[in-house]
Each structure stands twice: as structure tokens, then as C-alpha cells.
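Going line by line, the protein sequences match chains L and V.
Using the numbering used here, the first residue of the first sequence is number 843, and each one after it goes up by one.
Using the numbering used here, the first residue of the second sequence is number 2, and each one after it goes up by one.
Just below is one structure, and these are the notes that go with it.
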Amino acid sequence: MKNLLGKISFLCLFSLIFVGKLQAQNLQIEPSVILITNHQQQPSWTSPWKRGFTSSSNGTGFLIQNQWILTNAHVVSNSRLILLKKLSRAEPFIARVVAIAHDSDLAILKADDPSFYQEMVPLELGKLPELQSRVRTYGYPIGGTTISRTEGVVSRVEFGTYVHSGVDSHLIIQTDSAINPGNSGGPVLQDNKVVGVAFQSNPNLNDVGYLIPVPLIRRFLRDMTDGTYDGVPEIGIQVSNLLNKYQRHFLKLPFAKGGVLIDRVLPQTSAEGKLLMGDVLVDIGGVPIDSAGMVNYEGYRVPFHIMAEHKLVGDSLTFRVWRQQQFLEVDLELSLPPFSHEFRLSYDRPPQYLIFGGLVFMPLNRNYLQSARPSSSLIYEHLFREAENPGTRREQVILIVGALPSPVNAGYTNLKDYVVDRVNGIPIQSLKHLKNVLAELKDKAKYYRFESEWNPALVVLDKEAIAREHDRILQRYGITQGEQL
Amino acid sequence: MKHCLQLLLIVFLLPSSLWSTETEPTPREFKNSVVSVRSYQQAHDWLIPWNKKALQQRNGAALVLPKQQLLTTAGLVNNHTLIEVRKPNDEKPYEAEVILADNAINLALLHIPDPAFWGKLSPVEWGKAEVGDSKVQYWENKNEWKSVAGKVKQLFIGYHAGSRAHFPSLEVAASLKSRVQGNPIVQNNQITGMVMQLRDSNLDALPASFLQTFIEKAASQPYQGFPQRGFGWQRISQDSLRSHLEIDKKLTGILITRVFQYGTGSDVLEPYDFLISIAGRPLSNEGKIEQPQWGSVLFDYLFTEKSATEATFPLEVIRQGKRIALQTDLTDFPAEQYSVPLKTVEHPPRYVLRGGVLFQELNMNYLELWGKEWQSKAPARLSIYQQLEANLSVNKNRRLVLLTRVLPTPITIGYQDLRALIVTEINGHSIQRLEDVVAAFETPREGFHQVKFLPGSNRAYLILPDAEMKTTDQQILQHFQIPQLERL
Chain L
843 MKNLLGKISF
853 LCLFSLIFVG
863 KLQAQNLQIE
873 PSVILITNHQ
883 QQPSWTSPWK
893 RGFTSSSNGT
903 GFLIQNQWIL
913 TNAHVVSNSR
923 LILLKKLSRA
933 EPFIARVVAI
943 AHDSDLAILK
953 ADDPSFYQEM
963 VPLELGKLPE
973 LQSRVRTYGY
983 PIGGTTISRT
993 EGVVSRVEFG
1003 TYVHSGVDSH
1013 LIIQTDSAIN
1023 PGNSGGPVLQ
1033 DNKVVGVAFQ
1043 SNPNLNDVGY
1053 LIPVPLIRRF
1063 LRDMTDGTYD
1073 GVPEIGIQVS
1083 NLLNKYQRHF
1093 LKLPFAKGGV
1103 LIDRVLPQTS
1113 AEGKLLMGDV
1123 LVDIGGVPID
1133 SAGMVNYEGY
1143 RVPFHIMAEH
1153 KLVGDSLTFR
1163 VWRQQQFLEV
1173 DLELSLPPFS
1183 HEFRLSYDRP
1193 PQYLIFGGLV
1203 FMPLNRNYLQ
1213 SARPSSSLIY
1223 EHLFREAENP
1233 GTRREQVILI
1243 VGALPSPVNA
1253 GYTNLKDYVV
1263 DRVNGIPIQS
1273 LKHLKNVLAE
1283 LKDKAKYYRF
1293 ESEWNPALVV
1303 LDKEAIAREH
1313 DRILQRYGIT
1323 QGEQL
Chain V
2 MKHCLQLLLI
12 VFLLPSSLWS
22 TETEPTPREF
32 KNSVVSVRSY
42 QQAHDWLIPW
52 NKKALQQRNG
62 AALVLPKQQL
72 LTTAGLVNNH
82 TLIEVRKPND
92 EKPYEAEVIL
102 ADNAINLALL
112 HIPDPAFWGK
122 LSPVEWGKAE
132 VGDSKVQYWE
142 NKNEWKSVAG
152 KVKQLFIGYH
162 AGSRAHFPSL
172 EVAASLKSRV
182 QGNPIVQNNQ
192 ITGMVMQLRD
202 SNLDALPASF
212 LQTFIEKAAS
222 QPYQGFPQRG
232 FGWQRISQDS
242 LRSHLEIDKK
252 LTGILITRVF
262 QYGTGSDVLE
272 PYDFLISIAG
282 RPLSNEGKIE
292 QPQWGSVLFD
302 YLFTEKSATE
312 ATFPLEVIRQ
322 GKRIALQTDL
332 TDFPAEQYSV
342 PLKTVEHPPR
352 YVLRGGVLFQ
362 ELNMNYLELW
372 GKEWQSKAPA
382 RLSIYQQLEA
392 NLSVNKNRRL
402 VLLTRVLPTP
412 ITIGYQDLRA
422 LIVTEINGHS
432 IQRLEDVVAA
442 FETPREGFHQ
452 VKFLPGSNRA
462 YLILPDAEMK
472 TTDQQILQHF
482 QIPQLERL
């Protein structure tokens, strides 16, 4: 009985000590966790001249070194005013963006008023957490106004898509701690050190949240130290696995396991001219690549691209390749992928457009593809043209996205997603190029003739009618700016 | 006297029907010209091409024709395993045979071999369809003859999405909700059309004149389908385009935007020809001709009016400012001539299976595995190619050969997840049809088969070992219970 009482007393004491320790940790950490309110103005990708009213959304940030507040890029995108709120003060502080990385969904803010930083201790960055280890998420999710803390377990460390840009895949940590709107940008800690930034969830799964791990955060901080954020470099290859033993025999590989086959080297990338289609990549940066394209990274099996994603633009990366029956060392100087403005969702930049003869011209990009139900021709131009016909991709694919009805464009008012290939026979390379071509034709031709490989309809506009109607069209539709290039 | 005058006035003001000796003819019933059709259908499975889908049952009607034939819709009898036809007041089902089915226009001719069937049946007497009152007569619950009042609202040039064929259709307002196919439209005591389908709250019907042309064509061997246009066109509603092309403002017509490899006019027309008349009939700027009975109708009407056996058909165009007279043949555009062939019900799926890798040709049957919204749900590249091939570069000899699925076998480890990839080459041979696949697999290189895919696919190529593939093929037949390795 005495023993039992003793055990109960010990457990109670342990619990009190544990709870007390936890409270002390929270008291240290919580003042450094900030509520961020972003007043944003979203552009319209279907009526690009429109400027809507602002809307506001909340997210979380936290103080790190150099009086920097780390948060997600999506928390502060398309911002017109950012306000920070500390735990101890009712008054908001104005903040500005110091650096933003849309490719890795991270941003650094700074408060204008130095008094903001009083009573705040910068949080320290830790390392990649172990599987099954416990982590604690801090933030200001919806459903309340005070700070929230939730605990969870690290359930996966792997590669995943960062939905903010829509195309980038990086290392990602999965926890069973739910991440709700408002949690974004909040710190996730283990042993009082930051092991990740909460950033997205999966609507198809319950109680699952995703974190941006520390290696990517550190890369971002290194990248921005010179005052400019360059971005995550990419290798620029497409590979296929070598799991099939007969394919390995066919390739006469002298090794039974490991390696992936290069199917395609993308133009204008780090790999162009260095790696070749048909090369077998055996290791990267001294780390062996397995037959499914995975490497061991700090105890986790992840795609070999991980070895490039923590590097900076201009850094080098060495591959060991099997080419023409021999091993070679190939050094790449890492660079950014081409056409990133077209392939990634774009933020903080107003849409480009040109209104001419009441027809609205825009470049094809991911934002436009997501805002409309894209036709097959647009998907082909965006994703497959260059792969099928190397060297044919234009700087921008220009579309007529619609018409502002006017006598000058009568008969063409139903035009939509018309890919402009040529104007009076001249191939069009970009929106700026289109503008220049139209200006050059002004004194040479009576008509502007637009042609598309995808749409046999011939679009012909009368030069004099355009000159007569242009201002009237803008006035009639309340458009103050006929172009944004 | 005053009273007498009033009486006279009343008499003169009475409706003429009360004192006329002429009365409306008694409405005729076509009980003996309409029979009930029940079809048991089993479609092919384009996902697992050696299988057939679940059995379905459809009901409709057919019209009795001379020469012991029945006329109904092709949709009612497609993929049939059994067609049962019932006569009025006769419980016995008679088995029918399909003489001809033209899916482009959705019509079929049937025959009942049992001579007993044909007793007491009267072939239809065709009348001329017109805008105005009509009736739809039909059998309900086997022996209950019914008539529903309706109205023929207009004749329009219908567009058959499945075949891309244009043909004249009647829009009929009538409240008939089910078993509509094959029932007669009755006007002025004559059959003036046949119901094809329910569209929104109206019925689509084919006019008697078109049905008669079909029956006439069916009598000549070999059957030749209805001619179709072999070109695309646009209206010129802009003065700027007209002036740019130097077309006189007074001339009416349409601008040819593309010319196909098949179809009427494809042999003589050129892009940017301004087509001003067809068969001597002037074209409006909307592409319509004046038809004496129906008024303005799309020019495609002319292709269905004339018999396909007539040798030539005159067209008149403005080409580079000059008026030119052209002669073209009336030709059709069969569904199988598209590079991505239109939906077919006549043939089972073609396929080739080698080493567990399944090859099929891209067609509309395959794309529709993703449902009605296949354009957004099917793999992007396949719907892109459907559009590319259908609209831009119809090539009569080329099909897109796909790797559609991979069966898990010891030699396909690493490839099991591959789906819907466009095959370009096998063992160095260009692949344009499934027959090329079979031939290419006859020539392995150093003991291996190399299958290459269109650049940009998620794999550049795969390798199959020749000796092991032959053994695997035999094992597949047994292990997966697949009846044959190919069907061409």
C-alpha cells in the first residue's frame, strides 16, 4: 500500500514537473509567435485590367535571427498591407516583406517599429526530426483569437508538391497534427528548436499537416543574405527507373543494382550540354542513387533531386554517370529552370495584357490555365510542345482570351483561347514582341491578320477602325490602362 | 320581318362546319404498320478489350416497310445479342436480323425470317412533313395503341455528335417520355417522320423524305452512306475580313477555313475559297440555302437531298478574286477514316498483347472510358491528340497506337504502372497501326524488344526480352484466362 502510494506520488510529481516544464517552454516560445494579417488584392486573370477590393487573411509567423519574422510566402502574397500582432499588445505593427520565395513557400518580414521586438526571443532552428518523434505546432488557426498549441507525431519525411507554386516539389514533413487555415507560417518545435514551418494540409486526409523542413529554410536564408532571393536551382532532367532486370541487361550495365536512366534533358537547364539522354546516373554528390531514383538523405529515402535543392544558383554538383560502357564524372553548374513565370503560379505581379482592336491578348501561364477551363491546345502549348518538337517553344505563348465587343471586332466576339501564331505572317514570340510587330505594321499594312495553327478562323482587323475605336472601347468598358507589359 | 332578318343573319354567321357537307377525314391509325422492338445488347469493353460488358435491354418501335423489312434506329439494335419483335395482339416474339445499320445517321433495317410474322401487317405510306400539327402514334404495354398530339415546330440541320454527320431533323413538341425510338410522326393522315430521340422536352424525328432516301440507298449494293461536307467554314460578318480577301460586298457566301482529306468538296476546295453556290443554289452569309418547303436551311441539306450515285456536284467559289466553277463528287466521311476514329459499335476492340503489355489504338470508344467529360478527365495528351488529329491533320493511314495497360508478369516488373502512353517505335520500326506492332515484334534486336514512347511521356522506352516474352505470352493466356493474344 505504502509502495502504491509512493508510486502515485511519484507519478503526480512527475506530471507536475512535466506540465510545469511544458508551461515554461510555452512561456519562452509563445511571445515570439506572431499573428499576421495580410490585406491583399487579388488580380483577375480573366479581366486583367480589373483591380478588385482588398480581402484579408490571417497567418502565423515567428521571430528568428536578425529581427526577421519567418512565415509562408502564401501568407503574405499579393499584399497591400501587412499587420503583425504580438501576444502582449493589442496594437498592430506594420511589417514589410524583406524576401519572398514562392518556389519554397517561405518569406521573411520585418516590423518597421523597433519596439515590436521587445520581450521577444528569436527561435533557434533545429534539424530534421526523427520519424515517430513528437513535435509541437504553434499558431493562430481559425476558430479563436488566442495562440494555439497542438502536439503530433512525425509520420513521414518525403518529397511532396508545394501547392503555393503548383509545380515545385521539395522535402516535406508529415505530422498527425492538424494544420488549419491560420496555422500557416507557424513554428513547429521539438526540444525548444524549430524543426519546420507549418504550411499546408491535405483535404482528403483527416488530421494531417505538412511542414517545410529546416534544410529548406536554411537554404532560403542563405539565398537571401545578399539581398536578392534567386530561387531553388534545378537539374533539368527527366528520368525513368531501372527496376526491370531485362532493361539493365539491354543497357549492359556492369552493376546489378542502382542507377536511373535519363529520358530527356530539358533545354536551357543546368543539365543541357552536360548530361545526355541515355546516361545512367549512378550517384550524385557522392551519394549512390538506387534503381527507383532514391538516395539516402539523413536516414530518409527521398528522390535524388534533394541533392540539388539545398544548393544555390551557381553552386556545382557532381554526377557519376554510366555512358557508352564507361563511368564518367560530370560537373554541373546549377541554374534556375527556364520559363518559371509561365510554369509557376505567379504572385505579386499584375497580369500582363494588351488590348488591341477590343481583343484582349495575354500570355499563357499557369494562373490563366487555372482560372479558365483550358482547351487542349493550351495544355499542349504549355506542357508538351517543347518535348515533342525541341526548340519550338516561344518565349511566351500569346492568346486572344476574349473580346470587348465593338464594331471593330464584330464577328470575333466569341473568340476565346485563340493561340496567336502569326500576325501578317510574322511569328509572335511574346506579348512585347506582339506590341512591337503591331506598331511596325501600323505604317505598312491596311489590315492586321491574325492566324492560329489551332484555330482555322481567320481574324482580320481594320487598321483605321482600330485607330478610331481604341479609346472609345477603353472608355466604354471603364478600362484606364490599355496594356500592362 | 325584323325577326326574320335577325334569323337570317344568325344563320349566315354560324360556323361553316355546322352546315358544310364536307367533314374532316377520320384520323387514320397505323396499328398495322408499327411493331414493338426489344433488343438485348452487350457492348464491348474497351478497357479490357477481350471482354464484353453487362447485358442491357432496350425497347422501342419499328416501322413496317415493303419487301418484308422494318425500319428503326441503329441505336436500338447496336451490339445486340437478340432482337425480339412483337406484332399487335400477338404475344409471340419474333427474332429479327439486322440487314443494315448506318450509325452515322442512326438508322437500321431489320428482317424477320419467319414468314408468319408478316401476315396482317401493312407497309407505311409516306407523306410530306410540314410545320404544323402532328401526332405520335405508338404501342404502350404491348397491346395498347395510343396517340399523342404534337406539333412539328421546324426542320433543322441536325448534327450527330457521334458521326459528325449533318442531316435534316424535325423538332417535334410532344409529351412522350419513354420508348420513343422508332415511332411514327403522323400528319394529314400519313406518316411523315420517325422519332429518333428525346431532346430536352422535344422529340427529334427524321423526315419521311430523308427516310425514303435511306431506304432507296439501302436497296443498292454496296450501300454507300450519306454524303458529308469535306471542309470547315466560317461566316464573314466583318467588313475588314471581306475587304482583306477582296470579296465584293454584294456577294454572299461562306469562307472555307480548312479542307479535310475526305468528304464532299475536299477534292477541289482550298482554304480561303469563298463559296458562293452549291448545286446552283446561292449561299447566304450564314451558309444557308432557300429550300422551297422549309425556307432557309443549312447547305448540308443539299447533300442529303441528292442521291450519292450522281456523279458530280457543282460548286462556285471566289478564289484570289476570281470566280471559279468547280465540280466535286458527293462523298461521305466514314467514321473509321478519322485518325482518331469516331465511336464504333460495329467492330470489337482491336488489341495486341505482348509479354503483358497491352497495345490498342486511340479512338472515341477508348476516350469515352472517362465518361461524357472525357475531354477534361482523360489523360491530357490523349484528348489533345484527338483534337489535333480530328481538326488539323487527318491522316488516312495513321492511327495512334497506345500502350494502354500492363499486366503484372515477371518480365514487366518496373512497368506495371504505365498507362495510356503513345507508342512511336518498336524495334526501330515506326508504329502507325496495330498491324505494325505485330510486325515489329517479329524483329527483336539482340534478343530484346524496345518499345519507344512519344517524347515527354513519363518513360522514354521499355525493354522486353524476346525468349522470355514468348513463354510469358503462353502463361498469360492460361493465368489471366485471356482468349487470345491479339484481335485485329
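Glycine included, every Cβ here is placed at the ideal spot set by N, Cα and C.
Residue from the options whose Cα sits closest to the Cα of residue i
i	options	result
PHE1161/L	ALA949/L, ILE942/L and LEU1123/L	LEU1123/L
VAL1202/L	LEU1316/L, THR988/L and LEU1053/L	LEU1316/L
LEU110/V	GLU217/V, VAL132/V and GLU141/V	GLU217/V
GLY1267/L	THR1070/L, PRO956/L, ASN1207/L and VAL1279/L	VAL1279/L
THR1003/L	SER1213/L, ARG1186/L and ALA1229/L	ARG1186/L
ALA949/L	PHE1062/L, GLN1042/L, LEU1178/L and GLN884/L	PHE1062/L
GLU1/V	GLN42/V, VAL36/V and GLY233/V	Shown here, chain V extends from 2 to 489; a query on residue 1/V therefore has no answer.
HIS430/V	VAL78/V, LYS344/V, ALA421/V and PHE442/V	PHE442/V
ASP955/L	GLU933/L, ASN1034/L and ASP947/L	GLU933/L
ILE1077/L	PRO1023/L, GLN1238/L, GLN907/L and ASP1173/L	ASP1173/L
LEU1109/L	VAL1102/L, GLU1140/L and LEU1117/L	Going by the sequence as given, residue 1109/L is Pro instead of Leu. Of the candidates VAL1102/L, GLU1140/L and LEU1117/L, the one whose C-alpha sits nearest the C-alpha of PRO1109/L is LEU1117/L.
LEU327/V	ARG230/V, VAL298/V, LEU270/V and VAL358/V	LEU270/V
VAL181/V	GLN188/V, PRO169/V and GLY194/V	GLY194/V
LEU498/V	ARG29/V, PRO445/V, ASP333/V and SER221/V	Nothing about residue 498/V can be reported from this structure: the residues present for chain V run from 2 to 489 only.
LEU926/L	TYR1290/L, ILE1197/L, ASN1048/L and SER899/L	SER899/L
LEU389/V	PHE261/V, THR329/V and SER179/V	PHE261/V
SER179/V	GLN191/V, SER202/V and TYR160/V	SER202/V
Continuous alpha helix (DSSP H) stretch holding residue i: start and end
i	result
VAL346/V	Per DSSP, VAL346/V belongs to no alpha helix (DSSP H) and is neither H nor E.
VAL438/V	435 to 441
PRO1057/L	1056 to 1066
LEU1276/L	1273 to 1283
ARG938/L	First-last for ARG938/L: 935 to 943, but that is the beta strand (DSSP E), not the alpha helix (DSSP H).
ASP301/V	301 to 306
THR1313/L	In the sequence as displayed, the identity of residue 1313/L is Asp instead of Thr. From DSSP, the alpha helix (DSSP H) with ASP1313/L extends over 1305 to 1318.
LYS1087/L	1087 to 1092
Sub-9 Å separation of residue i and residue j beta-carbons
i	j	result
PRO1180/L	THR1234/L	no
ARG1085/L	GLY415/V	Here residue 1085/L is Leu; the residue named in the question, Arg, does not match the sequence. Against a cut-off of 9 Å, the Cβ pair of GLY415/V and LEU1085/L comes out as a contact.
GLY985/L	ILE1021/L	no
ILE158/V	TYR263/V	no
LEU66/V	VAL153/V	no
PHE1041/L	SER1026/L	yes
ASN107/V	THR82/V	no
HIS450/V	ASP467/V	yes
PHE1/V	VAL402/V	Nothing can be reported for residue 1/V, as the shown portion of chain V is limited to 2 through 489.
LEU509/V	GLU436/V	Past the boundaries of the shown model lies residue 509/V; chain V is included only from 2 to 489, so the question cannot be answered.
ASN364/V	LYS344/V	yes
VAL1328/L	GLN235/V	With chain L covering only 843 through 1327, there is no way to say anything about residue 1328/L.
LYS136/V	ALA209/V	no
ARG324/V	ILE277/V	yes
VAL875/L	GLY901/L	no
ILE974/L	VAL999/L	Rather than Ile, the amino acid found at residue 974/L in this sequence is Gln. Contact: no.
ILE464/V	TYR1088/L	yes
Residue interval of the beta strand (DSSP E) (run including residue i)
i	result
HIS81/V	81 to 87
GLU426/V	422 to 427
GLY61/V	57 to 66
Considering only residues of the stretch 216 to 294 of chain V, which uninterrupted alpha helix (DSSP H) runs meet the minimum length of 4 residues and lie entirely inside it, listed in chain order?
Counting whole runs of 4 or more residues, the stretch 216 to 294 of chain V contains the alpha helix (DSSP H) stretches 240 to 245.
For the stretch 412 to 433 of chain V, list every residue whose C-beta sits within 8 Å of some C-beta in chain L, in sequence order.
Listed by position along the chain: ILE412, THR413, ILE414, GLY415 and TYR416.
Contact list for the stretch 1187 to 1212 of chain L against chain V, Cβ threshold 8 Å:
Cβ contacts with chain V: none found.
Complete runs of the beta strand (DSSP E) confined to the stretch 94 to 161 of chain V [at least 3 residues]:
Qualifying beta strand (DSSP E) stretches, in chain order: 98 to 103, 108 to 112, 133 to 141 and 145 to 161.
Please identify, using Cβ separations under 8 Å, the residues of the stretch 247 to 268 of chain V that lie next to chain L, in order along the chain.
When C-beta distances to chain L are compared with 8 Å, the residues of the stretch 247 to 268 of chain V below that value are LEU256, THR258 and ARG259, in chain order.
Residues, ordered as in the chain, of the stretch 1253 to 1264 of chain L that lie near chain V by beta-carbon distance below 8 Å
If the cut-off is 8 Å between Cβ atoms, the stretch 1253 to 1264 of chain L has GLY1253 and TYR1254 near chain V.
Mind pulling the beta strand (DSSP E) runs of 3 or more residues that sit fully within the stretch 1195 to 1273 of chain L?
Segments of the beta strand (DSSP E) lying fully in the stretch 1195 to 1273 of chain L: 1195 to 1198, 1201 to 1205 and 1240 to 1245.
Tell me which residues of the stretch 439 to 458 of chain V have at least one Cβ-Cβ distance to chain L shorter than 7 Å, keeping chain order.
Listed by position along the chain: PHE449, LEU455, PRO456 and GLY457.
If you measure beta-carbon to beta-carbon, which residues of the stretch 357 to 381 of chain V are closer than 9 Å to chain L?
Against chain L - using a Cβ distance shorter than 9 Å - the residues of the stretch 357 to 381 of chain V are GLN376, SER377 and ALA381.
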